[in-house]
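Engineer:
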Amino acid sequence: MALPLRRRAAPAAQRGAFRSVSMALYKYSNYLQQSKNASFDLPLQPSAFVPCAGIYRCTGCGTEVALEGIGMFPDRSHHAHSPAQGPIAWQLVVATSSTVPAPYLHGGT
Ligand SMILES: [Zn+2]
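Just so we're aligned, residue 1 is where the sequence shown starts under UniProt numbering, counting upward by one.
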């Protein structure tokens with residue numbers, strides 16, 4: 001059985017003043033491909049529709065969630081923020097791809 005991953009802190013240059021402690025991890029870079037898709041730039045609100053399956057990061061605190069490309073983002077009660085962290089907003093970090101028909105496919109590269 002695999003041991004739980006130990007999360008390392010993000011390099012200081014990648015953390016904002018109130019950023020959280022960790023970043024998404026991967027082992028094999030051949031399973032990831034960089035994308036310039038504007039979907040990665042959009043801050044998405046709690047309870048909004050999830051536009052594509054993937055890993056999303058809260059822009060206020062760095063909390064990450066993995067979501068299918070169906071349904072809604074967690075509501076505002078998902079986790080607590082200090083006033084300095086601002087409101088919860090979700091930003092796409094990793095979009096998943098699949099051979100399974102929509103809604104699991106990412107909508108473009
Ligand atoms: Zn947060």
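Glycine included, each C-beta is placed from N, C-alpha and C at the ideal position.
For Y26, count neighbouring C-beta atoms within 10 Å of its own C-beta (all shown protein chains included) and say buried if the count is 16 or more, exposed if not.
Structural biologist: Classification for Y26: exposed.
Engineer: State buried or exposed for G71, treating a residue as buried only when at least 16 other CB atoms are found within 10 Å of its CB.
Structural biologist: Exposed, because fewer than 16 other Cβ atoms sit within 10 Å of the Cβ of G71.
Engineer: Under a criterion of Cβ closer than 6 Å to any non-hydrogen atom of ligand 3, which residues qualify, in chain order?
Structural biologist: This structure simply doesn't include ligand 3; it includes ligand 1 instead.
Engineer: Tell me the rounded alpha-carbon separation between T96 and A53.
Structural biologist: Distance between the alpha carbons of T96 and A53 is about 6 Å.
Engineer: Just the Cα atoms here: how many angstroms apart are S22 and Q85?
Structural biologist: Cα-Cα distance, rounded: 16 Å.
Engineer: Report the residue from Q33, I55, S98, L32 whose alpha carbon sits nearest the alpha carbon of F73.
Structural biologist: F73 has its Cα closest to that of I55, out of Q33, I55, S98, L32.
Engineer: Using a 10 Å radius around the Cβ and a threshold of 16 neighbouring Cβ atoms, would you call V100 buried or exposed?
Structural biologist: Classification of V100: exposed, given that the 10 Å Cβ count is below 16.
Engineer: Give every residue of the same chain whose Cβ lies closer than 8 Å to the Cβ of L32, excluding the five residues on either side of it in the sequence, and list them in chain order.
Structural biologist: So the list reads Y26, V94, once near-sequence residues are dropped.
Engineer: Determine, using beta carbons only, whether L92 and F40 come nearer to each other than 8 Å.
Structural biologist: Yes, Cβ-Cβ distance for L92 and F40 is below 8 Å.
Engineer: Can you check DSSP and say which residues form a bridge with V93?
Structural biologist: For V93, which the question treats as bridged, DSSP gives no partner whatsoever.
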